[in-house]
Amino acid sequence: MNIYDLYLDKIKDIIIKINKDDLIKLPENLNGINVDIPPPNFNCDISTNVSMVLSKINKKTPLEIAEVLVKFIKQDDTNIENITVVKPGFINIKFKNYFWNNFVEKIITDHKNFGVNNKEKKKKYLIEFVSANPTGPLHVGHCRGAILGDVISNILIFNKHEVSKEYYVNDYGNQIINFTKSVFFRIKEILNNEKFPIENKDLYPGDYLIDIAKNIINNNKKLKFTNFDDVANDLTILSVAESLKLIKTNLQNLGIVHNKFSSETEIVNNNEVEKAIDKLKNKNLIYEGKIKAPKGEDDKNWIERKQLLFKSTEFGDDKDRALQKSDKSWTYFASDVAYHNNKLERNFDTLINILGADHAGYIKRITSVVEAMSGSKDKLICKVSQLVKLIKDDKPFKMSKRKGDYITVEDLISEVGKDATRFIMLNRSSDVELDFDFTKVKEKSKDNPLYYVQYCYARISSVFRHVNLDIKNDLNITKYNFNYSDAEIDILKKISEWPKCIEASSLRLEPHRIPIYLYELSSKFHSYWNMGKEDESKRFININKTISDDKLVFLKIISNTIKSGMNIVGVNTPEQM
RNA sequence: GCGCUCUUAGCUCAGCUGGAUAGAGCAUCGGUUUUCUAAACCGAGGGUCGGUGGUUCGAGUCCACCAGAGCGCACCA
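Residue numbers in the first sequence follow this note's numbering, run continuously in steps of one, and reach 688 at the last position.
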């Protein structure tokens, strides 16, 4: 139940009706009209700007329009305690207790659907995220995008959409060859005591390769590791599989499970690249040509090559993009075009890609291709997650892939825990860089917003325990005839914002709004809890060691909302802390 | 040189697709435990929303220009 939409619809109905009676003129669209949360200290529950929007076309001041509308809004509405018109022309409405009782009853009897956005058309989404190269375990840099993608999926699923979570495995190309070679040298090191060529900058030096090498040796006794070219094919498959095993374990520890892993090699081998390029050829978007050096670039080092290009400039990109290398093998972009064609052929309504900030420059070309192939500009939405700045002992901590000294997801989780990792990574908008201070997160875990929200839930559970109820069970209440105090209504108002929070998160794919909302709700609850110290009537358990129905319902609603939000974030709500 | 993102309190950041008196946390200072969990609460100080113009009833939010920070810009993936 979304009380803001309820009144927005009502107000729109009213103005449409009195427009028909020629009492008022309407602008072309009514999108500017909203029903919102008023700032504190106005002593009202909801507020609308309708009279400001109608002011111009009617050539009347907002205050004059408001006076007319107020009459119609009040008419036959038993929910309204009073309605006032304020300064520029806001119409402020305060509800009767009766309204809040109704609200409470609705969301408690249908708690599973509270917050679900029913206005959205149910769609089929494909969300691609993580897609880290299968050359080793995940590190902290992958973590943010992974959690972002997972929680966006959770929000969409919460809103009853169909979602497929996918991982694109880049198991094709030079990096994989170098990776496989590295495994090969580690194997020779183990078997023949030949020193790993650490000076070769193309190789992967990380220690995890030793474990991968050991596993491969132990599980493949028949293979002979004498000549690289002889075992290259088998070893590539084995090495990638070992990497994916590590990655899947990392993801699982983060609480993330993908529905599908798509292999780049498979796409290339199935000739899907040719298929996709043919599609673009038919649209006259493929040609052989040369790319010019960008301005400002030293063009002495620039080698112009004739190659197969996609006309992404037709879609606003700054240059056309190469599909084929000079040795005629496909570029990464080419196989990604094929992968996106593959996605499109599986008939999803919307594709979402979660990318790291370092791949932001890639967005234009891939959205161009999808637009070209699908004919729709917003078929593919790319969401960028900015960098995570690691800080250790007040100093930035640089990760170096070369030296192999980077902090892995495993390190992170074993130090901070899955829940804190998820909550902290989400607590900021994905558009801004995130400071992740190891020493702080470790030392001051009590200042962690995660615990603040969990503690709220634990406090509520403790009340249920004291009166011999289980917080997990539904309540058995028939009469909703309560008289909530202002302090309680203040929290109910916050609860009423939950559907708005979900709507905004889902519409704009901004999951960070959820932890922030949960924090605010918890803050109000903690505040209320402490009032019980001064004011006996605000305590949940009374002198007879029982709890009144209104308080019980009140607590249940708060805990339901927190639980629901924490489920979306993907963290636990312990009943005791 | 070009593109993307950012600039809000001492620090880290919210600000719900243009609304009313711009909000939190941390830090600083001062308070609250015989009573449902103090992992909590209450209070105080702290602001030219990077700058300048523009759009309109109304701008932290939209547009233009400028300044600063980060990321990226070939056949890597």
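Every residue, glycine too, gets a C-beta built ideally from N, C-alpha and C. Treat the numbers as computed from the prediction; the structure is a model and nothing was measured.
Straight-line Cα distance separating residue j from residue i
i           : j           : result
residue 313 : residue 677 : 43 Å
residue 574 : residue 644 : 15 Å
residue 284 : residue 679 : 37 Å
residue 662 : residue 609 : 20 Å
residue 562 : residue 685 : 10 Å
residue 210 : residue 216 : 10 Å
residue 421 : residue 401 : 11 Å
residue 491 : residue 238 : 10 Å
residue 187 : residue 180 : 13 Å
residue 340 : residue 615 : 54 Å
residue 472 : residue 530 : 32 Å
residue 539 : residue 258 : 12 Å
residue 205 : residue 191 : 6 Å
residue 289 : residue 682 : 38 Å
residue 641 : residue 532 : 29 Å
residue 577 : residue 118 : 39 Å
residue 361 : residue 115 : 41 Å
residue 197 : residue 522 : 56 Å
residue 658 : residue 665 : 11 Å
residue 260 : residue 436 : 32 Å
residue 147 : residue 194 : 15 Å
residue 308 : residue 348 : 22 Å
residue 373 : residue 545 : 30 Å
residue 654 : residue 647 : 9 Å
residue 632 : residue 316 : 48 Å
residue 591 : residue 220 : 11 Å
residue 357 : residue 524 : 14 Å
residue 564 : residue 395 : 56 Å
residue 520 : residue 172 : 59 Å
residue 306 : residue 300 : 6 Å
residue 635 : residue 164 : 33 Å
residue 656 : residue 580 : 13 Å
residue 432 : residue 310 : 34 Å
residue 249 : residue 384 : 28 Å
residue 417 : residue 440 : 14 Å
Pair within 8 Å by beta-carbon distance, residue i and residue j
i           : j           : result
residue 77  : residue 505 : Nothing about residue 77 can be reported from this structure: the residues present for the chain run from 112 to 688 only.
residue 497 : residue 428 : no
residue 184 : residue 162 : no
residue 203 : residue 158 : yes
residue 553 : residue 527 : yes
residue 212 : residue 593 : yes
residue 387 : residue 468 : no
residue 129 : residue 122 : no
residue 227 : residue 278 : no
residue 291 : residue 334 : no
residue 518 : residue 501 : yes
residue 426 : residue 434 : no
residue 287 : residue 617 : no
residue 611 : residue 113 : yes
residue 620 : residue 494 : yes
residue 61  : residue 282 : Any answer about residue 61 is impossible in this case: the structure gives the chain only from 112 up to 688.
residue 465 : residue 256 : yes
residue 568 : residue 670 : yes
residue 156 : residue 604 : yes
Whole-angstrom C-beta distance between residue j and residue i, which should lie under 8 Å
i           : j           : result
residue 622 : residue 263 : 6 Å
residue 319 : residue 252 : So it is not a contact: roughly 16 Å between Cβ atoms.
residue 606 : residue 672 : 6 Å
residue 649 : residue 598 : 7 Å
residue 370 : residue 276 : 5 Å
residue 550 : residue 583 : About 37 Å; that fails the 8 Å criterion.
Residue i beta carbon near the ligand GTP (any heavy atom closer than 7 Å)
i           : result
residue 401 : This structure lacks the ligand GTP; in fact it carries no ligand of any kind.
- Just list the beta strand (DSSP E) runs in the segment 178-212, keeping only unbroken ones of 3 residues or longer that don't cross its boundaries, in chain order. The segment 178-212 contains these whole beta strand (DSSP E) runs: 191-197, 201-206.
- Query: Of all the alpha helix (DSSP H) runs that stay within the bounds of the segment 271-314, which reach a length of 4 or more residues?
  - Reply: 285-303
- Item | Inter-stretch contact (C-beta, 8 Å, three-pair minimum) for the segment 287-298 and the segment 315-330 | yes
- Message: Ignoring anything shorter than 3 residues, give me the beta strand (DSSP E) runs that lie fully in the segment 415-488, in order along the chain.
- Response: Taken in chain order, the complete beta strand (DSSP E) segments of 3 or more residues contained in the segment 415-488 are 418-421, 461-467.
- Item | Start-end ranges of the beta strand (DSSP E) lying completely within the segment 235-267, minimum 3 residues | You should have 235-239.
- On the three-pair Cβ rule with 8 Å, is the segment 450-465 touching the segment 476-487? Three or more pairs of CB atoms, one per stretch, sit closer than 8 Å, so the segment 450-465 contacts the segment 476-487.
- With contact counted as at least three CB pairs below 8 Å, one residue from each stretch, are the segment 223-241 and the segment 456-464 in contact? yes
- Message: I want to know whether the segment 270-284 touches the segment 623-630 - three or more CB-CB distances under 8 Å.
- Response: no
- Item | Within the segment 525-588, ranges of the beta strand (DSSP E) (whole runs, at least 3 residues) | Within the segment 525-588, the complete beta strand (DSSP E) runs of at least 3 residues are 545-548.
- Message: In chain order, what are the residue ranges of uninterrupted alpha helix (DSSP H) at least 4 long that sit wholly in the segment 592-675?
- Response: 597-607, 609-618, 624-642
- Task: Could you pull out every unbroken alpha helix (DSSP H) segment of at least 4 residues lying fully inside the segment 326-392, listed in chain order?
- Result: 339-365, 375-380
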